[in-house]
Structure formats: C-alpha cells, structure tokens
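> Residue numbers (the working numbering): 1 to 214.
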Amino acid sequence: MSVTIEGYIFDLDGVVVDTAKYHFLAWKKLANSLGFDLAEAFNEGLKGVSRMAALDLVLSIGGIAADSGERQAYADSKNGYYLEYISAMSRDEILPGVVEILEDIKERGCGSAIASASKNAPLILESIGIRTLFDVVVDGNRADRAKPDPEVFLLAAGDLGADPGRCVVFEDAVAGLEGAARAGMYCVGVGNPRVLTGADLVIPDFAGFSLRRI
C-alpha cells in the first residue's frame, strides 16, 4: 500500500484457525443421535450455509420431517455440541504463521482486529490462547448484517480508530473480500488465487509471509 497502514483486520474461521471440522463433527453427532450418519464429503456443502439451512440439509439426508419447534431444538443441540468441541481447542490449532504475523503487527505499533460473523469468536480466541494479540474483536453479536455487507469491517476500523482506507483485511472467502472492498480496504486473500479473484493480493497461508509484501 502507498499509505501508512493503521489497522490489520482478520477474519477468524479459515484465516486464524480452522473450525469447519468442528461444525461438521457437531452436525454428524446430531445426525447420529437421530439414527443416521453423515459422510465427511458432506462437509463441503455446509460451508457458507446458515445454521438453519444446514439443518434442513442434514434432516433431508436422514429423511426426517420436523416442525419449527423441533427444528429449533435440533439446531440448539448442534450448537451445544459445537461449543463443546471449540471449548477444548488449543494453541496447537492456530494456523501456521498467524502468531508471528500478529506479533509483528504489535511490534510495529499498529492495531489488529478480528472481524467475524461467528458469535463464538471470543470463546475460540480464549481457547486457543491468543485473545490478547488482538486489540479489537467484532463478531456476530455486534454485526447485524452478514458479509458481503461491509458493516463488520467498518465496525472494526472504528474500534481501532483507523481510517478504513488505511486498513488491511485478511479473508479466505469471496463474500468477505467483497465486503472488505466495499469498506474501501486493501484485501489480502488467504487461499486459492483462482477462487479469491477479488483480492489485491493472494497468499496460500501465513507461513513465511511478511507484512513488507503489502
């Protein structure tokens, strides 16, 4: 960037840590409690899908009909299983290079934030032991509008006291990159460059990555 960077903003799932496997395990446990199983390949179809829409997919596989009250009870059970899994997470599950990047940001005197749709972001950060490396956490408990709406990114920039045009966002999802771009921020995609075409820069992960590349 040709301007001084005032804040670095990170998505959580798929950027800092991978919790997709725990969502799948929670759905699988629910399915097992209802008398059927889920193949691991089903996990791909759950990514980016809301909890209730994912529930409908799971119930359809089991051939189970449910009214609104039963659906809510099933969704609550799944979330309970998920919370059990993420509460047991450890620092070993932080994705490669993330801690080093966050420590570099601290040394530079810049602000860092989490901008995630997950309402469990604070619990996950405490479980993996890096909550103190972030100055700000904005999650689904504060942001009403889902990505690609820029709300969560603008809230993070505001909490950091940073100009959105001087912020860098790290995202692994197309919708997240679109939201960051709409917020006027520099976008770094983490993942496949063929998928993350809306990013200003794409990296496979943070292993060996330097902030000097931005």
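Ideal Cβ positions, reconstructed from N, Cα and C, are used throughout, including at glycine.
(1) In three-state terms, what does DSSP make of residue 93?
(2) Would you kindly report the start and end of the unbroken beta strand (DSSP E) that includes residue 156?
(3) Taking the continuous beta strand (DSSP E) assigned at residue 115, which residues delimit it?
(4) According to DSSP, simplified to helix, strand and coil, what is residue 13?
(5) According to the neighbour-count rule (16 or more other Cβ atoms, all chains shown, within 10 Å of its Cβ), is residue 19 buried or exposed?
(6) Which residue wins for smallest C-alpha separation from residue 180, given the options 11, 54, 2 and 28?
(7) Quick check: the segment 147–165 against the segment 1–10, are there 3 or more CB pairs under 8 angstroms?
(8) Three or more beta-carbon pairs under 8 angstroms between the segment 193–204 and the segment 36–45, yes or no?
(9) Please determine, among 82, 80 and 168, the residue with the shortest C-alpha to C-alpha distance to residue 213.
(10) Mind checking who residue 8 pairs with in its DSSP beta bridge?
(11) Could you tell me how far apart the beta carbons of residue 104 and residue 211 are, in whole angstroms, since I believe they sit closer than 8 angstroms?
(12) Okay, do the segment 46–60 and the segment 84–100 touch, 3+ Cβ pairs below 8 angstroms being the bar?
(13) Quick check on the burial criterion: 16 or more other C-beta atoms within 10 angstroms. Buried or exposed for residue 171?
(14) Would the segment 75–88 and the segment 13–30 be scored as touching if the rule is three or more Cβ pairs under 8 angstroms?
(15) So what does DSSP say about residue 196, is it helix, strand or coil?
(16) Mind checking who residue 186 pairs with in its DSSP beta bridge?
(17) Please confirm if residue 204 has its CB atom under 8 angstroms from at least one CB of chain D.
(18) Can you give me the Cβ contacts of residue 205 inside the same chain, cut-off strictly under 7 angstroms, excluding the 5 residues immediately before and after it?
(19) Starting from residue 59, trace the alpha helix (DSSP H) in both directions and tell me its first and last residue.
In this structure, then:
(1) helix
(2) Segment 151–160 is the alpha helix (DSSP H) holding residue 156; no beta strand (DSSP E) there.
(3) 111–115
(4) strand
(5) buried
(6) 11
(7) yes
(8) no
(9) 168
(10) 112 and 168
(11) 6 angstroms
(12) no
(13) buried
(14) yes
(15) coil
(16) 168
(17) Among the chains of the structure shown, chain D does not appear; only one protein chain is present.
(18) 95, 96, 97 and 190
(19) 51–62
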